[in-house]
Structures are given as C-alpha cells and as structure tokens.
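Colleague: Numbered by our numbering, the letters in the sequence shown go through residues 1 to 307 in order.
Virtual Cβ for every residue (Gly too), placed ideally from N, Cα, C.
If you're wondering where the values come from, they're calculated on a predicted model, not measured in any experiment.
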Amino acid sequence: MTFSSSLFTPIPFPTTHRFSPKLKPLRTVTVTAVPAELDGTAIAVIGGGSVAALAAALSLTDPERRRRLQAEEVGGGDKEVVREYFNNNGFERWRKIYGETDDVNRVQRDIRLGHSKTVENAILMLKDEGSLQGVTVCDAGCGTGSLAVPLAKEGAIVLATDISAAMVAEAEKQAREQLQSESENGAPIMPKFEVRDLESLDGKYDTVVCLDVLIHYPQNKADGMIAHLASLAENRLILSFAPKTFYYDMLKRIGELFPGPSKATRAYLHSEGDIERALRKVGWKIRKRGLISTQFYFANLIEAVPV
C-alpha cells in the first residue's frame, strides 16, 4: 500500500476532467486520521489481504464515542472542537507542518508536501484565466497563510480568515515578514486577516477558496458551508476535501486505532458525488477537478463556477 509522492512539478489542469491518470491521489486523511508518530512503513505493509483482515479489528473501535467525548470536553460540537484544537496543541503541530522547520518527522514532512501541492495547484487554477492583480479572493480557513501570502504577492486583494485566533496571528506574522521585503518592488497589498468561522463570512468576492477545511465537518454541515461559500463568490469557488472511497475510509479507520489524545480532531471524508450535489443545489457546477496524493495526504481539488 505504498504511494508515489513524486509531485514536484506543476500539475496541468484540463478544463473539464481529471489530472493526468499517471498521477496518484493526494491524501488528506492527514489531519487526524494518521497519527504523527506512526511510521510510514507501518502503514505501507498493510495492503491487500491485510486490509481485509483488519476489518474485524476496526469494527471493534468506537471513534464516534471518542468524538462525542471530545465535544463534551469543549462544551460544543465539531466547530468548537476544531477551534479548541487549532488554538492549542493543534496549532503548534500544524505550524511546524506548514512551516519550513526541520523539526518534523517523516509523516509530517510528507503531509507538508501534500498540502503545498494543493496550494500550488489552487494557485494554478486561480491564474489560469489571467493575472490576479486586483482580483478579490476570500481565503476561508487560511491556516498559517500558505495561500493568502502567495496570492498577495500576485497582486490579489485577499481576505484571509480562520476559526483559530492562533492561526490568524501566525498568518499575519508570516505575511508581514514575507511581504515587507517586497514592499519596495510593487508593494503588494497586505491581506486582511480576521478570526471568523465559515458561517459568519459575508461580502462578495471574485473567488472564494477553502482548502483542507471540510475534513472537519460531516456532510450535512459541509452542504450548508458549501452553499454559504458559493453565495459569497461571484465567479469561482475552489475547494479541497478528503475523498470518501472504501480504500481511503479504511486508511482513516486504521488511523483511528491510534488516537493520539493531543492530536485528534474529527475527520470526515466526502464523496465527490456528494460535493457535486451540494454545488448543484445552489446553481454551481464543477469545471475542473483533480486528485493529488502523497503517501500520507490525499485530497480532491475542484473549481466550481455558476451554471
């Protein structure tokens, strides 16, 4: 069950269908499904018949009970769990993963690669129709600014938001450090950073981008979030999500056998069909789609436009 992580060159985006079939999927079981300490070889050897043999063991786990306990601890549901996690233990973990420090293990380094490829290809989607100079973009779930800062460098006018105050502070810090050095040459506009959840976003933007966020929410909540994000976008909506297939669902459940208490948020996979139906309900359609993967990260990346 090994996967290629040779995704170091930009992926060409066809106007309608998938990335080249030669590319293997990009994985997002990462956020919580595979614990950081789990060595890659441990997952790699679980293949073929071994995966089937694991079904009995997986059926004995109770991730839903663990999730309920998480929610009770913070006095709320999925949103409160996510906010608490990314303002505390999760912030330090993901700041390292999204950053450039060498203080990461093999799995975290692989996740960093996967996320960076998602960001890279989202930018390619955005630039496909021309310059981003003056284009308004809402980066919903900005994390540490890995998308917002490059977009500002391209001349976009960016609103970057996140449910985590710690993440927003780090993103603003990164933006000031990286954009200040370029202020003498073209003076990119500093993104506007705000602590907000997806449901509270308002305004109108040429494009709304939401990367690696839907994994924290079940489909019924994701449907509402997609509808709301689409209402903010005038021309394009770019989303990434962890694809729900038997194989990836099995990987996620394997990860739930090793629930590091300081790491786990709830992880939800979504089928492309469910995402597409949610978009169609609000008058949008998928124009571009792709599947990107490294060994420990996988994600579908789509661009939707009004019908």
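Grab me the residues of M225's own chain with a C-beta within less than 6 angstroms of its C-beta, minus the 5 sequence neighbours each way, in chain order.
Modeller: In the sequence shown, residue 225 corresponds to position 225, counting from 1. The answer, listed in chain order, is L198.
Colleague: Quick one: residues in its chain with C-beta nearer than 8 angstroms to the C-beta of K96, no 5 flanking neighbours on either side, listed in chain order?
Modeller: As a working mapping, residue 96 is identified with position 96 in the sequence shown. Closer than 8 angstroms at the Cβ level, and outside the excluded window around K96, lie D103, V104, Q108.
Colleague: Which residues in the same chain as F91 place their Cβ atom closer than 6 angstroms to its Cβ, once the five residues preceding and following it in sequence are excluded?
Modeller: Locating residue 91 in the sequence shown gives position 91, counting from the first residue. If we look at F91 and ignore the five residues flanking it on each side, its Cβ neighbours are A166.
Colleague: Taking just the CA atoms, how far does A171 sit from T294?
Modeller: Here residue 294 is taken as the residue at index 294 of the sequence shown, counted from 1. Here residue 171 is taken as the residue at index 171 of the sequence shown, counted from 1. Going by the C-alpha atoms only, they are around 25 angstroms apart.
Colleague: Thinking K117 and I292 are a contact (beta carbons under 8 angstroms), I'd like their distance in whole angstroms, please.
Modeller: Residue 117 sits at position 117 when you count from the first residue of the sequence shown. Residue 292 sits at position 292 when you count from the first residue of the sequence shown. About 5 angstroms separates the two Cβ atoms, so the contact holds.
Colleague: Does the region 204-214 come within contact of the region 222-241, defined as at least 3 CB pairs closer than 8 angstroms?
Modeller: Yes: the two stretches touch, three or more of their Cβ pairs being nearer than 8 angstroms.
Colleague: Look at G203 and L179 and say whether their C-beta atoms are less than 8 angstroms apart.
Modeller: Position 203 of the sequence shown, counted from the start, is the residue given in the question as residue 203. Position 179 of the sequence shown, counted from the start, is the residue given in the question as residue 179. No.
Colleague: Kindly identify the DSSP beta-bridge partner or partners of P243.
Modeller: For the purposes of this step, residue 243 is taken as residue 243 along the sequence shown, with counting starting at 1. Beta-bridge pairing links P243 to H270.
Colleague: Which runs of the alpha helix (DSSP H) fall wholly inside the region 122-199 and span at least 4 residues, in chain order?
Modeller: Runs found: 148-153, 165-180.
Colleague: Return helix, strand or coil for A33, following the three-state DSSP convention.
Modeller: Your numbering for residue 33 matches position 33 in the sequence shown. Caution applies to A33, whose pLDDT of 33 falls short of 50 and renders its modelled position unreliable; the value that the coordinates give is listed next. In this structure, A33 counts as coil in the three-state DSSP scheme.
Colleague: Taking the DSSP output, what are the residues bridged to G290?
Modeller: Indexing the sequence shown from 1 puts residue 290 at position 290. L301, per the DSSP bridge assignment.
Colleague: Among Y85, L301, D206, G77, which one has its Cα closest to the Cα of G143?
Modeller: Looking up residue 143 in the sequence shown gives position 143. Closest option to G143, Cα to Cα, is Y85.
Colleague: Can you round the beta-carbon distance between K288 and S271 to whole angstroms, since I take them to be within the 8 angstroms contact cut?
Modeller: Translated into positions along the sequence shown, residue 288 becomes position 288. Translated into positions along the sequence shown, residue 271 becomes position 271. With 8 angstroms as the limit, K288 and S271 do not qualify as a contact, their Cβ atoms being about 18 angstroms apart.
Colleague: Closer than 8 angstroms by C-beta to H228: which residues in its own chain qualify, once you throw out the five before and the five after it? Chain order, please.
Modeller: For the purposes of this step, residue 228 is taken as residue 228 along the sequence shown, with counting starting at 1. Counting only Cβ-Cβ distances below 8 angstroms, and skipping sequence neighbours, we find L198, E199, L201.
Colleague: Give me, in chain order, the residues of the same chain whose beta-carbon lies closer than 7 angstroms to that of S164; leave out the 5 immediate sequence neighbours on both sides.
Modeller: Position 164 of the sequence shown, counted from the start, is the residue given in the question as residue 164. Result list for S164: R83, F86, N87, F91, in chain order.
Colleague: Write down the C-beta distance between D206 and T136 rounded to the nearest angstrom, noting that I regard them as a contact closer than 8 angstroms.
Modeller: Mapped onto the sequence shown, residue 206 falls at position 206. Mapped onto the sequence shown, residue 136 falls at position 136. About 5 angstroms; that satisfies the 8 angstroms criterion.
Colleague: Do K159 and D139 have their CB atoms nearer than 8 angstroms?
Modeller: As a position in the sequence shown, residue 159 is number 159, starting the count at 1. As a position in the sequence shown, residue 139 is number 139, starting the count at 1. First, the amino acid is wrong: residue 159 is Leu here, not Lys. Yes, these two residues count as a Cβ contact at 8 angstroms.
Colleague: Using the C-alpha atoms, what's the distance from R280 back to P306?
Modeller: The sequence position of residue 306 within the sequence shown is 306, counting from 1. The sequence position of residue 280 within the sequence shown is 280, counting from 1. The straight-line gap from Cα to Cα measures roughly 9 angstroms.
Colleague: Note down, in chain order, each residue of its chain lying with its Cβ closer than 8 angstroms to the Cβ of I123, except the 5 sequence neighbours on either side.
Modeller: Locating residue 123 in the sequence shown gives position 123, counting from the first residue. Contacts found: L147, P150, L151, E154.
Colleague: Over the uninterrupted alpha helix (DSSP H) stretch that includes V209, give me the two end residues.
Modeller: In the sequence shown, counting from the first residue as 1, residue 209 sits at position 209. No alpha helix (DSSP H) holds V209; the beta strand (DSSP E) holding it covers 205-210.
Colleague: Can you check DSSP and say which residues form a bridge with A233?
Modeller: Taking the first residue of the sequence shown as 1, we reach residue 233 at position 233. The partner list for A233 (beta bridge, DSSP) reads Y205.
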